[in-house]
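Enquirer: Chains as they are written, first to last, in the numbering used here: chain A, 46 to 281; chain B, 46 to 281.
Each residue gets a CB set at the ideal place from its N, CA and C atoms; glycine is no exception.
Below are the structure tokens for one structure; questions will follow.
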């Protein structure tokens, strides 16, 4: 299996209620990669939030004006240090500042996380099937920190058409023994891989990942497969 | 920038003191991908530990016989639940069971983490330059869990020839504003991407990642750039 990852250029600035799936399909078809059945499209959260109108106004002269919104979008505050808040969002994600983001948005605005990123992914998948006639999978990605490792990485906050976690339970390793590590979060690995070609500053909000294992392509849900029940969590 | 990721097949079972760099270079050159300057080779921890003899004997009839080794390899126990231990290793990694692994090793043995994975990566890079005449970067990967997300992903435990964290501080986003999220852990994203073609059960311990940003290719160190100082850590 060889994997190829292409950035998708020429997606215009996204505003509320644009046909995001149609624009992505058009930009992919215009690019050299085209689109094929089985491709995985990684779409960064920001343009999904913009298209869905998940934006709020903030006071551009006050660098802390988004903090009340962070509190409102959180169901549980885990840690505070200075201006940093690590919290659990209403979606069940644990991240900094409830995923609220001021970069790549207009001054005086902040982007919230989509209300239901799995649903957003399903809608994009359906729309791209309708306009381009291809069966793709969608991953919506966002940039999260990690408690014990410096640097951020992109992870999946929603998916459709691909399983979030691939269960290798019961398969055997190369020496014929049952594997002990069993559940691989492939959508997080794919989201991070796509970030390598999108970059943070390059203004490339979508990447195509071609060549993923066809067995992984099923309905999929970040919420159902990745979000850990707080009761199973040792660090909350 | 388009990224390509190839699995490297036909690496034989690794034993202590084999010429791992030479074997990897040979397997890459024999494969369809060849090796080129600027390629990043992701090498899974297990074969590095085997080549370095970082193995210990355990009682194969006792499923808990590696637990004293986990304690010995840890400098701090963060959490216990049943048989699971989350600890900080002497290298500064926070992971389950101090990274000790019983899969893909012979019955009666357990693989420890390499003593210094950055050094292991530098040696592999030097050896591949010597035998194949190419300047590659090396990432040594291992499989870690995450506290708030189900499923495991591969991350970097050592690197050479590539920066671990790319600093976007001071660059501007596509709307000309200074970016707030600045430090991307590209080696973790690359390690995860490589896992997508290696799989856990497929016995493919090396992948070639071609097309990474040339600016990222510098000395690099997981220890110096990723391992978070416990004093900066909100969850230890």
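Looking at the C-beta of residue 262 of chain B, does it have a partner C-beta in chain A at a distance below 8 Å?
Expert: Answer no: the Cβ-Cβ gap between residue 262 of chain B and chain A never drops below 8 Å.
Enquirer: If we ignore side chains and look at the alpha-carbon of each, how far apart do residue 263 of chain A and residue 256 of chain A end up?
Expert: If you take the alpha carbons of residue 263 of chain A and residue 256 of chain A, they lie about 15 Å apart.
Enquirer: Determine the direct distance from the alpha carbon of residue 98 of chain A to that of residue 212 of chain B, and round the result to whole angstroms.
Expert: Residue 212 of chain B and residue 98 of chain A: Cα-Cα distance of roughly 30 Å.
Enquirer: Any chance you could list the alpha helix (DSSP H) runs of at least 4 consecutive residues sitting entirely within the segment 90-126 of chain B, in chain order?
Expert: Correct list: 90-97 and 112-118.
Enquirer: With burial defined as no fewer than 16 other Cβ atoms inside 10 Å of the residue's Cβ, what is the status of residue 120 of chain B: buried or exposed?
Expert: The residue in question, residue 120 of chain B, is exposed, as its Cβ has fewer than 16 Cβ neighbours within 10 Å.
Enquirer: Compute the distance between the beta-carbons of residue 150 of chain A and residue 130 of chain A, then report whether it is under 8 Å.
Expert: Not a contact, by the Cβ cut-off of 8 Å.
Enquirer: DSSP on residue 186 of chain B, reduced to helix/strand/coil?
Expert: Here residue 186 of chain B sits in strand by DSSP.
Enquirer: From which residue to which residue does the beta strand (DSSP E) around residue 48 of chain A run?
Expert: Element bounds for residue 48 of chain A: 48-53.
Enquirer: Pull up the distance between the alpha-carbon of residue 274 of chain B and that of residue 139 of chain B, whole angstroms please.
Expert: Near 11 Å, if we compare the C-alpha coordinates of residue 139 of chain B and residue 274 of chain B.
Enquirer: Take residue 209 of chain B as the anchor and find which of A/210, A/206, A/208 and A/197 has the nearest alpha-carbon.
Expert: When only C-alpha atoms are compared, the closest one is A/197.
Enquirer: Closer than 8 Å by beta-carbon distance: list the chain B residues that pair up with residue 81 of chain A, in chain order.
Expert: Those within 8 Å of residue 81 of chain A in chain B number zero; the least Cβ separation is about 15 Å.
Enquirer: Going by beta-carbon coordinates alone, are residue 204 of chain A and residue 266 of chain A separated by less than 8 Å?
Expert: Yes, the Cβ-Cβ distance between residue 204 of chain A and residue 266 of chain A is below 8 Å.
Enquirer: For residue 240 of chain A, return the contacting residues in chain B, with the cut-off set at a CB-CB distance below 9 Å.
Expert: Going along chain B in sequence order, the residues near residue 240 of chain A (Cβ under 9 Å) are 229, 231 and 234.
Enquirer: If you draw a straight line from the C-alpha of residue 162 of chain A to the C-alpha of residue 49 of chain A, how long is it?
Expert: Each residue's alpha carbon lies about 25 Å from the other.
Enquirer: I'd like the list of long-range same chain contacts for residue 146 of chain A, defined as Cβ closer than 6 Å, with 5 residues on each side in sequence excluded.
Expert: Same-chain partners within the cutoff: 156.
Enquirer: Quick one: list the residues of chain B neighbouring residue 52 of chain A, beta-carbon separation under 7 Å, in chain order.
Expert: Within 7 Å Cβ-Cβ: 46.
Enquirer: In chain order, what are the residue ranges of uninterrupted beta strand (DSSP E) at least 3 long that sit wholly in the segment 128-152 of chain A?
Expert: Here the runs fully enclosed are 129-134 and 139-141.
Enquirer: Can you tell me whether residue 260 of chain B is helix, strand or coil according to DSSP?
Expert: Three-state result, residue 260 of chain B: helix.
Enquirer: CB residue 192 of chain A to CB residue 279 of chain B, shorter than 8 Å?
Expert: Cβ atoms of residue 192 of chain A and residue 279 of chain B: closer than 8 Å.
Enquirer: Residue 132 of chain B to residue 123 of chain B, Cα distance in whole Å?
Expert: One C-alpha to the other measures close to 5 Å.
Enquirer: How about residue 73 of chain A and residue 87 of chain A: are their beta carbons less than 8 Å apart?
Expert: Cβ distance not < 8 Å, so residue 73 of chain A and residue 87 of chain A don't count as in contact.
Enquirer: Have a look at residue 276 of chain B and residue 183 of chain A and give me their C-alpha separation to the nearest angstrom.
Expert: Straight-line Cα distance between these residues: approximately 39 Å.
Enquirer: Determine whether the Cβ of residue 131 of chain A lies closer than 8 Å to any Cβ atom of chain B.
Expert: Judged by the 8 Å Cβ criterion, residue 131 of chain A is in contact with chain B.
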